[in-house]
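Trainee:
2 protein chains.
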Amino acid sequence: MGNADYVFPSPNAECARRVAIPPPQPFVESLKYNLKETFFPDDPLRQFKNQPTSRRFVLGIKYFLPIFDWAPSYTFEFLRSDFIAGITIASLAIPQGISYAKLANLPPILGLYSSFIPPLVYAMMGSSRDLAVGTVAVASLLTASMLGNEVNANENPKLYLHLAFTATFFAGVFQASLGLLRLGFLVDFLSHATIIGFMAGAATVVILQQLKGILGLDHFTHSTDLVSVLRSVFSQTHQSKRKPRFFWVSAMAPLTSVILGSILVYLTHAEKHGVQVIGHLKKGLNPPSFADLVFVSPYLSTAIKTGIITGVIALAEGIAVGRSFAMFKNYHIDGNKEMIAFGTMNIVGSCTSCYLTTGPFSRSAVNFNAGCKTAVSNIVMAVAVMVTLLFLTPLFHYTPLVVLSSIIISAMLGLIDYEAAIHLWTVDKFDFIVCISAYAGVVFCSVEIGLVVAVAISLLRVLLFVARPKTFILGNIPNSMIYRNVEQYTNTSSVPGVLILEIDAPIYFANASYLRERIARWVDEEEDKLKSSGETSLQYVILDMGAVGNIDTSGISMLEEVKKVMDRRELQLVLANPGAEVVKKLNKSKLIEKIGQEWMYLTVGEAVGACNFMLHTRKPDPLKEESEAYNKV
Amino acid sequence: MGNADYVFPSPNAECARRVAIPPPQPFVESLKYNLKETFFPDDPLRQFKNQPTSRRFVLGIKYFLPIFDWAPSYTFEFLRSDFIAGITIASLAIPQGISYAKLANLPPILGLYSSFIPPLVYAMMGSSRDLAVGTVAVASLLTASMLGNEVNANENPKLYLHLAFTATFFAGVFQASLGLLRLGFLVDFLSHATIIGFMAGAATVVILQQLKGILGLDHFTHSTDLVSVLRSVFSQTHQSKRKPRFFWVSAMAPLTSVILGSILVYLTHAEKHGVQVIGHLKKGLNPPSFADLVFVSPYLSTAIKTGIITGVIALAEGIAVGRSFAMFKNYHIDGNKEMIAFGTMNIVGSCTSCYLTTGPFSRSAVNFNAGCKTAVSNIVMAVAVMVTLLFLTPLFHYTPLVVLSSIIISAMLGLIDYEAAIHLWTVDKFDFIVCISAYAGVVFCSVEIGLVVAVAISLLRVLLFVARPKTFILGNIPNSMIYRNVEQYTNTSSVPGVLILEIDAPIYFANASYLRERIARWVDEEEDKLKSSGETSLQYVILDMGAVGNIDTSGISMLEEVKKVMDRRELQLVLANPGAEVVKKLNKSKLIEKIGQEWMYLTVGEAVGACNFMLHTRKPDPLKEESEAYNKV
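In order, the protein sequences belong to chains A and B.
Number 237 in full-length UniProt numbering belongs to position 237 of the first sequence; there are no gaps in the numbering.
Number 254 in full-length UniProt numbering belongs to position 254 of the second sequence; there are no gaps in the numbering.
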């Protein structure tokens, strides 16, 4: 610390602390590196390196069909756990499937079909051990609202059904393409805050829709009571991860109420007194629906749009759920691979009379709590649904629709996560705004508008961060060479004659003008302050570039202008700790020669040391000549 | 440096080097600060502070009409310079005005009208002393292509004309609103690279269009020669800022060739042999056109769209030109105020038979080189144009259109700034891609598509910077406590048992998943490396947060997960130099307690010191208990 040479390094001395210009990198190589980081950040091909071809082939199969990876080590112990979990989620999947299909204005039987084939596909291809595959309320609602805008499901049920299959097909194609093209990171642009607001908004819309239906049932006087009872029972479902005490009650409640409701209607013949029931469900497994996909239709663009939007939403939920359980159990999930699995599942589904499926949170939480070990629980569920489809569909004839509405409402209440919204408010107000915008957009306008608004605001935040970067004045931390933000560290002291500014973002076209004006204002304010207090006048402006990750040509022009302005005001511009990218571009644009490499220091401390040395030994004017002479050498 | 206490600070000692939690700031105050930085970065109201009301009124008038600010100190010396500059730009404005009006498919006389009223308005309201107001080729081309898509100018010239006025009106309203709402920074999103590519593309389109016209004139055999002659003369124009040697030649060339061309046609009666001439121009000043604005029309949306796009383009050029000359002469320009001036100018223009005007680069450069001192040169130009309108329009009857085409082409050649494109390639490949995309979009698709593509790519770059932030391994710079990127500084050495990572961007929803995986990969790779070389196993992971300007709730969740993963792998997570925003949010989300405030250091050096101290004194396990005990206190 007391080392004078360290505190006052001579600007011309051969000193290791100069900022090194990084070795030039061929363009192709740096492009390759950047592409790799953008598209293959998880380096999925690492395991294939240095392996013989046959081994690579086996690894490749295991990569795309993970079931071959874990099946050989599957044990009877696992089967027992998976069997219990599978039966449990089947008991949830059957009533929920029927309910959500109604929500999407599709035949109820589609809900059962969609719980049969897609889980089997996912069990082969998926890498999550906890995800339970099935239809989801929000995507069902979206399908109903987006397709419903074009085709009335009651007037033209066949066309509506075919469009739903087509939308599912395109959702699958889109999901698989995202995964194959390694564009999975696009889903990250749906932030957590967006999803919370969006889900709550969709849930509110669904609840209002269902309540209208329930309250309209004048003949069934006990309906509201039933709702409140069911609600109190079901509202536990979504908390099952946190409160496994009532877990079995809540997991079995939907099926129980379906059975009880059906028996009640059957015994009282309530269906003849105005209580709507499901009615006839066709026996038998999924009929093929490949021929029903419509690729030539005036509604094709609607189907594609619906497919892409519902596909993204479903993906965002599925991936997030898969990741959070994987983290909990400490195994890894490859987002892009999951997307391929989801996509294939939906493409196959669209050809086998299923509509959009994903890994819903509520069902996966039940799966997890019921003790599932692998994706075999999905297979067990599929088999249970298959048995239902083959033999048990007549049992649902008398199931009252009001029970389905209650099941939907109870599941929806779980999606309104007001605690998460409060957390957002506490930690980050901007995230709260994003969340509320998504909520308000969905509730007051439409699901698509809510989504677009929330994503736009999230992006705006990122752009605003770059457009209006923070700039700080730095001060010296007592008894050190360390300089930090004077607002964060209140015990810092300023250095006479030196203004130290930290720029807290990359310098891009979007902020170049702002930074030029902001730096000028900092200098003005500092000079005003010094003038009014009669202190040493300003001689040096040090820019701490440590947080400037990158710079573009507009940024370089900006620095060039700042340098000119400083020269005109007889201030010396000093750069501290510029990063590799910045130094490279300063060098390429020759700006480094104008600033002078001797005015670029490794740390703010050393820059201040050099400035102090100059201030105390000679006047700045001859110095300039010297530095110019140095430049010529 | 040799201070043992500095190198190995005890983690529990009362030490000033701990990271301070910044004092809580009320939400309203921080919102106010952020809004101020976003919308008033230049603090335009600073001069109004602590002033009596009457003085504030005077300052307010001077603020919106800067002419009252500088007129009292206007001298005869200034007038002489401004007069010469004004006459010079008038000699350029008259032929260019007529040419560009033809380019926009509007009556040629509109070019003269647009050089009369708008310059007068700008002289009152503008804050630039060097800008010469007039119409521009690119906006003229845009008007022709966008309005031409809806209305054929030859078939329905009246409607077309009215739509052009309406578009100008909306351009003005949009420009003024941007300024009044302090949204001027939106124009910054048109980066320099975008503008270079866009201008060159538009110029290419215009040149091809004009050449077709010229080459089609079979009867006028010398036309191509004339073009090449004119070209060689005029191509100097745009370089006039750099090469004022031929300045007067190039500045006067357009008017000279108009005069020579007209005399030639008049003497040879070439107009009767197929050479197209301007024909009759109405004498007299601008007729009012307020009644021609069409607000109820099936084409209203086209007019609004055209207005907004041309308005933004014109604004981007005008502001950039004004700023660059202001910087050169060392005075300040307020972007938002300029926008209000441009907007008012176009609103007034649209009511007085003018179409879109701005401050074109070429004309302003001539103004500057001719020695203008204030906006009075614009007034002089307006008076000269007025005289022309009143008395000299018959002189242009015989001006051959081919001369106008040549004038356009020569001005356009100046817009193809291939040197700037080469500079972009050298300094920043990505900017070059943006530039080329804008160029290709304009040339091969349409002006609007080129613009949208270039802006989208520019934004994508900003988003990619945030979505894929750089992470570096840091190493120790010899004989110091400084840690820097090992790729930039090749003489660094690693610290046994400690992995130091720098994160180079804010942690947001868009990069949280990526960073989680990337950090995990760095740790994996480091452990693999250590295992294969048989060195000390990894014990500590230090994250240098110095460049992390901000964090949102997704980022906090990510850090929480990283902490859990580290705990599971028995690694200690240490944070170095987290900024005020980050510490605030870590604190609010209680994550700070999980990480432990004793594991947050002011610098990487101190964090490494603490890790080394632990490594060399005791095993990490009892340490953990101790730190937990510390947490409880």
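The beta carbon of each residue, even a glycine, is placed where N, CA and C say it ideally should be.
1. Can you pull the chain A neighbours of G549 of chain B, defined as C-beta to C-beta under 9 Å?
2. What does DSSP give as the partner residues of L572 of chain B in its beta bridges?
3. Just the Cα atoms here: how many angstroms apart are A137 of chain A and M412 of chain A?
4. Let me see if you follow: with CB-CB separation under 8 Å, is S191 of chain B close to chain A or not?
5. Counting contacts by CB-CB distance shorter than 8 Å, is S494 of chain B in contact with chain A?
6. Please report how far the alpha carbon of I433 of chain A lies from the alpha carbon of F198 of chain A, in whole angstroms.
7. Quick one: what's E502 of chain B bridged to in DSSP?
8. What is the DSSP secondary structure of N346 of chain B, reduced to helix, strand or coil?
9. Among B:I61, B:S554 and B:M545, which one has its Cα closest to the Cα of N511 of chain B?
10. For a contact defined as C-beta to C-beta under 7 Å, what are the partners of M327 of chain A on chain B?
11. Helix, strand or coil for M125 of chain A, going by three-state DSSP, please let me know.
12. Would E517 of chain B and T471 of chain B be called neighbours here (beta carbons separated by less than 8 Å)?
13. Closer than 8 Å by C-beta to D69 of chain B: which residues in its own chain qualify, once you throw out the five before and the five after it? Chain order, please.
14. In or out: V19 of chain A buried (at least 16 other Cβ within 10 Å) or exposed?
15. What separation, rounded to the nearest whole angstrom, lies between the Cα atoms of S364 of chain B and S145 of chain A?
16. Which of the three DSSP states, helix, strand or coil, is assigned to I409 of chain A?
17. Name the chain A residues whose beta carbon is nearer than 7 Å to that of L45 of chain B?
18. So the candidates are B:I595, B:G605, B:Q597 and B:T388; which of them puts its Cα closest to the Cα of L474 of chain B?
19. Just the C-alpha distance for K531 of chain B and W522 of chain B, rounded to the nearest angstrom, thanks.
20. Counting along the chain, where does the alpha helix (DSSP H) carrying N485 of chain B start and finish?
21. Can you tell me where the alpha helix (DSSP H) with H423 of chain A in it begins and where it stops?
22. Check the Cβ-Cβ distances between E570 of chain A and every residue of chain B, and say whether any is below 8 Å.
23. Judging by CA-CA distance, which residue of A:T194, A:G148, A:L463 and A:V402 is the nearest neighbour of T38 of chain B?
24. By DSSP, does S557 of chain B sit in helix, in strand, or in coil?
25. Cβ of S557 of chain B less than 8 Å from any chain A Cβ?
26. By the 10 Å Cβ neighbour count, where 16 or more other Cβ atoms means buried, how is S537 of chain B classified, buried or exposed?
27. Does chain A have any CB closer than 8 Å to the CB of D417 of chain B?
28. Under 9 Å between beta-carbons, which chain A residues line up against I592 of chain B? List them in chain order, please.
29. With a 10 Å radius around its C-beta and 16 neighbouring C-beta atoms as the bar for buried, classify R46 of chain B as buried or exposed.
30. Listing by chain order, which chain B residues have their CB less than 7 Å from the CB of Y439 of chain A?
31. Which of helix, strand or coil does DSSP assign to V277 of chain A?
32. Counting only C-beta atoms, is G450 of chain B closer than 8 Å to chain A at any point?
33. Give the secondary structure of S493 of chain A by DSSP, where H, G and I count as helix, E and B as strand, and everything else as coil.
34. Determine the DSSP secondary structure at N256 of chain A, reduced to helix, strand or coil.
35. Would S493 of chain A be called buried (16 or more neighbouring beta carbons within 10 Å of its own) or exposed?
36. With 7 Å as the limit, tell me which residues of the segment 379 to 392 of chain A have their beta carbon closer than that to any beta carbon of chain B; keep them in chain order.
Mentor: This is what the structure holds:
1. What you label residue 549 of chain B is simply residue 549 of the second sequence in a count that begins at 1. In chain order: F465, P469, K470, D504, A505 and A547.
2. As a working mapping, residue 572 of chain B is identified with position 572 in the second sequence. The identity of residue 572 of chain B in the sequence shown is Gln, whereas the question assumes Leu. B:Y540, per the DSSP bridge assignment.
3. By 1-based counting over the first sequence, the position of residue 137 of chain A is 137. By 1-based counting over the first sequence, the position of residue 412 of chain A is 412. Looking at the two C-alpha atoms, the distance is approximately 8 Å.
4. As a first step, residue 191 of chain B is located in the second sequence; it is residue number 191 there, counting from the start. True, the Cβ-Cβ gap to chain A drops below 8 Å.
5. Locating residue 494 of chain B in the second sequence gives position 494, counting from the first residue. Using a Cβ-Cβ cut-off of 8 Å, S494 of chain B does not count as an interface residue toward chain A, since no Cβ of chain A sits closer than that to its own.
6. Sequence index remark: in the first sequence, residue 433 of chain A carries index 433 (1-based). Sequence index remark: in the first sequence, residue 198 of chain A carries index 198 (1-based). In this structure, the straight-line span from the alpha carbon of I433 of chain A to that of F198 of chain A is close to 12 Å.
7. Here residue 502 of chain B refers to the residue found at position 502 of the second sequence. Answer is B:F472 and B:D544, bridged to E502 of chain B.
8. Position 346 of the second sequence holds residue 346 of chain B. The answer is helix: DSSP assigns N346 of chain B an H, G or I state.
9. Here residue 511 of chain B is taken as the residue at index 511 of the second sequence, counted from 1. It is B:S554.
10. Mapped onto the first sequence, residue 327 of chain A falls at position 327. Contact note: M327 of chain A reaches chain B through E561, using a C-beta cutoff of 7 Å and chain order.
11. On the first sequence, residue 125 of chain A is found 125 positions in, with the first residue counted as 1. The answer is helix: DSSP assigns M125 of chain A an H, G or I state.
12. Taking the first residue of the second sequence as position 1, residue 517 of chain B is located at position 517. Taking the first residue of the second sequence as position 1, residue 471 of chain B is located at position 471. For E517 of chain B and T471 of chain B, no; Cβs fall outside 8 Å.
13. Here residue 69 of chain B is taken as the residue at index 69 of the second sequence, counted from 1. K62, listed in sequence order.
14. What you label residue 19 of chain A is simply residue 19 of the first sequence in a count that begins at 1. Buried, since its Cβ has 16 or more Cβ neighbours within 10 Å.
15. Here residue 364 of chain B refers to the residue found at position 364 of the second sequence. Here residue 145 of chain A refers to the residue found at position 145 of the first sequence. Straight-line Cα distance between these residues: approximately 55 Å.
16. Position 409 of the first sequence, counted from the start, is the residue given in the question as residue 409 of chain A. Note: I409 of chain A maps to helix in three-state DSSP.
17. In the second sequence, residue 45 of chain B corresponds to position 45, counting from 1. In chain order: nothing, as chain A lies at least about 13 Å away.
18. In the second sequence, residue 474 of chain B corresponds to position 474, counting from 1. Measuring from the Cα of L474 of chain B, the nearest candidate turns out to be B:G605.
19. Here residue 531 of chain B is taken as the residue at index 531 of the second sequence, counted from 1. Here residue 522 of chain B is taken as the residue at index 522 of the second sequence, counted from 1. The alpha-carbon atoms of K531 of chain B and W522 of chain B are separated by roughly 14 Å.
20. In the second sequence, counting from the first residue as 1, residue 485 of chain B sits at position 485. Looking at the DSSP string, N485 of chain B is not in any alpha helix (DSSP H); the run it does join, the beta strand (DSSP E), is Y483 to N485.
21. Within the first sequence, residue 423 of chain A is the residue found at index 423, counting from 1. That run of the alpha helix (DSSP H) goes Y418 to V427.
22. Position 570 of the first sequence holds residue 570 of chain A. Chain B contact via Cβ: absent.
23. The count along the second sequence starts at 1 and reaches residue 38 of chain B at position 38. For the set A:T194, A:G148, A:L463 and A:V402, the Cα lying nearest the Cα of T38 of chain B is the one of A:L463.
24. In the second sequence, the residue the question calls residue 557 of chain B occupies position 557. Correct three-state label for S557 of chain B: helix.
25. Position 557 of the second sequence, counting from 1, holds the residue named residue 557 of chain B. Output row for S557 of chain B: interface = yes.
26. On the second sequence, position 537 is the one that residue 537 of chain B refers to. By the neighbour-count rule (16 or more Cβ atoms within 10 Å), S537 of chain B is not buried but exposed.
27. Sequence index remark: in the second sequence, residue 417 of chain B carries index 417 (1-based). Chain A contact via Cβ: absent.
28. Taking the first residue of the second sequence as 1, we reach residue 592 of chain B at position 592. Within chain A, no residue comes near I592 of chain B; the closest Cβ sits about 12 Å away, beyond 9 Å.
29. As a position in the second sequence, residue 46 of chain B is number 46, starting the count at 1. Burial call: exposed.
30. Walking along the first sequence from the start, residue 439 of chain A turns up at place 439. Those within 7 Å of Y439 of chain A in chain B number zero; the least Cβ separation is about 16 Å.
31. Here residue 277 of chain A is taken as the residue at index 277 of the first sequence, counted from 1. V277 of chain A falls in the strand class under three-state DSSP.
32. As a position in the second sequence, residue 450 of chain B is number 450, starting the count at 1. It does not; no Cβ of chain A falls within 8 Å.
33. On the first sequence, position 493 is the one that residue 493 of chain A refers to. It is a strand residue.
34. For the purposes of this step, residue 256 of chain A is taken as the residue at position 256 of the first sequence. Reading the sequence as shown, one finds Thr at residue 256 of chain A and not Asn. Residue state, collapsed to three classes: helix.
35. Here residue 493 of chain A refers to the residue found at position 493 when the first sequence is read from its first residue. S493 of chain A should be labelled exposed.
36. Look at the segment 379 to 392 of chain A: it has no residue with a C-beta under 7 Å from a C-beta of chain B.
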